[in-house]
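If you're matching positions, the sequence shown starts at 64 in the working numbering and goes up one per residue.
Each remark here refers to the structure printed beneath this line.
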Amino acid sequence: MRRFSSYGPVNTQLHYFVPRENLIEKACVQLMGENPEQGGHYITVWAPRQCGKSWIMNKTMWKPAENDRFHVLKRHLFILIFTNL
Numbered sequence: 064m065r066r067f068s069s070y071g072p073v074n075t076q077l078h079y080f081v082p083r084e085n086l087i088e089k090a091c092v093q094l095m096g097e098n099p100e101q102g103g104h105y106i107t108v109w110a111p112r113q114c115g116k117s118w119i120m121n122k123t124m125w126k127p128a129e130n131d132r133f134h135v136l137k138r139h140l141f142i143l144i145f146t147n148l
């Protein structure tokens with residue numbers, strides 16, 4: 064049985080959620096470019112707290128990996144705050 068959740072990552076098998084395929088596709092096109100040969104653009108996501116920004120970005124980030132032309136790397140930069148340079 065599905066349930067409501069207002070925190071943490073969305074588990075699509077467990078939680079009620081709204082599929083955002085059009086938004087994910089639009090973000091991927093912006094990121095990769097309409098013509099990937101010419102390149103895409105950086106994107107910025109603005110929304111209030113708990114609106115699914117991280118979830119959308121995670122879905123968008125891994126979508127290009129389905130195409131053999133792209134390699135995706137996720138790097139957390141938070142650790143740099145605690146590193147002495």
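Ideal Cβ positions, reconstructed from N, Cα and C, are used throughout, including at glycine.
Out of the options, which has the shortest C-alpha to C-alpha gap to residue i?
i    : options                : result
H104 : N98, R112, P111, L94   : L94
H139 : R132, A128, Q113, N121 : N121
G102 : E88, I119, F133, R83   : F133
F80  : W109, E88, C114        : C114
L77  : M64, G71, Y70, S69     : M64
K126 : S68, G96, E88          : E88
Residue i: beta carbon under 7 Å from a heavy atom of the ligand NAD?
i    : result
A110 : Judged by which ligands are present, the structure shown has none, so any question about the ligand NAD falls away.
Please report the Cβ distance between residue i and residue j, rounded to the nearest whole angstrom; I am assuming they are in contact, meaning their Cβ atoms lie under 8 Å.
i    : j    : result
L143 : I119 : Not a contact, Cβ separation roughly 25 Å.
Given a cut-off of 8 Å on the beta-carbon distance, is the pair residue i and residue j in contact?
i    : j    : result
M124 : K116 : no
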